[in-house]
Every structure is written in structure tokens, then in C-alpha cells.
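Trainee: Have a look at this one before I ask anything.
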Amino acid sequence: MINRLLFKTWFIATITLVLGAIIVRLAWELTTAVAMGTFTIVALLILATLAIYALLLYLTIKPRIKRLASRPIRIWITTIATAGIISGIIHFIRFVPSPEAAHPLSVIIAVLLLTTGISAYLLVLWVIRKNDYAQTGIG
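Counting from 1 along the sequence shown, just add 328 to a position and that's the residue number in the numbering used here.
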């Protein structure tokens, strides 16, 4: 029991430190962001990071496989993935025509990352939808 509590506390502390650093860095980016597009990307990333943190805390404190299949968790995961893909698309649209993408490999990397993001997003939706059908007995 104590080992489990120690592990959970240690895990939560570690996750808090790393995600805290990420959020502080993203918030720092907001102080220099003049463009609305940059503000939107960073704000969505901060919200997604906070949502991931809250989800990890919830699943660490009360770990149950059934909870992963619950409707609120599926909605939570879908919302996080949606925020991530929206900021990825906005970043892609702003990055490709910019001078930072002058090197051809930059554009190739950006396309590969966007394609990966879309593929991962569709995979998340497929898994969640399949799980939804399995619970309702449809399909």
C-alpha cells in the first residue's frame, strides 16, 4: 500500500514538474506573441497540456480500466486531440509560407508532422468510436 502511494505521489510530482515547465514556456511565448494566430496556437496548446495533466492525475489517483472506456474520458481525449490538431493545422498554414521554411526539408518535415497529426487524430477518433459502438451494442 505504501509503495503504491509512494509511486503515485512520485509520478504526480514528476508529471507536475514537466508539464509545469511546458506551461510556463508556452505562457512565456504568449508575452511575445503579437499575431492572433500565434496566440490561438499557444492558448490551445496550454489548454491541451492542462487537460492532459488533469487526465493523468485522474487516472493516477483512481486507476481503473473501466474509467478509460467511460464517456467523459472519451470526450476528454477527443477534446485534447481536437485542440492539438487545430493548433497543428494553424501552425502549418502559418509556417509553410514564412521565411523560416525556406529550406525544402523544412516543408517536408512540416508536411510529415501534419500528416502524422491527422493520422493520429483519426486513429483516436476511430478507437473512441469503436469503443462507443462496443458499449452500446451497435455495429
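Yeah, the Cβ is synthetic: ideal placement off N, Cα and C, and Gly gets one too.
In chain order, which continuous runs of the alpha helix (DSSP H) of length 4 or greater are located wholly inside the segment 410 to 465?
Mentor: Segments of the alpha helix (DSSP H) lying fully in the segment 410 to 465: 432 to 464.
Trainee: Excluding the 5 residues preceding and the 5 following Val-424 in the sequence, name in chain order all residues of the same chain whose CB lies nearer than 8 Å to its CB.
Mentor: Here residue 424 refers to the residue found at position 96 when the sequence shown is read from its first residue. So the list reads Val-435, Ala-438, once near-sequence residues are dropped.
Trainee: Counting only runs that start and end within the segment 345 to 399, where is the alpha helix (DSSP H) found for 4 or more residues in a row?
Mentor: Counting whole runs of 4 or more residues, the segment 345 to 399 contains the alpha helix (DSSP H) stretches 364 to 389, 393 to 396.
Trainee: To the nearest angstrom, how far is it from the Cα of Leu-373 to the Cα of Tyr-449?
Mentor: By one-based count along the sequence shown, residue 373 stands at place 45. By one-based count along the sequence shown, residue 449 stands at place 121. Going from the Cα of Leu-373 to the Cα of Tyr-449 covers about 15 Å.
Trainee: For Leu-347 versus Thr-377, is the C-beta distance shorter than 8 Å?
Mentor: Here residue 347 corresponds to residue number 19 of the sequence shown, with the count starting at 1. Here residue 377 corresponds to residue number 49 of the sequence shown, with the count starting at 1. It is a contact, given that the beta carbons lie within the stated cut-off.
Trainee: Contact check, Thr-407 vs Ala-379 under 8 Å by CB: the rounded distance?
Mentor: As a first step, residue 407 must be located in the sequence shown, where it is residue number 79. As a first step, residue 379 must be located in the sequence shown, where it is residue number 51. That belief holds up - the Cβ atoms of Thr-407 and Ala-379 are roughly 7 Å apart, short of 8 Å.
Trainee: Arg-402: buried (16+ other C-beta within 10 angstroms of its C-beta) or exposed?
Mentor: Looking up residue 402 in the sequence shown gives position 74. Its Cβ being crowded by 16 or more others within 10 Å, Arg-402 is buried.
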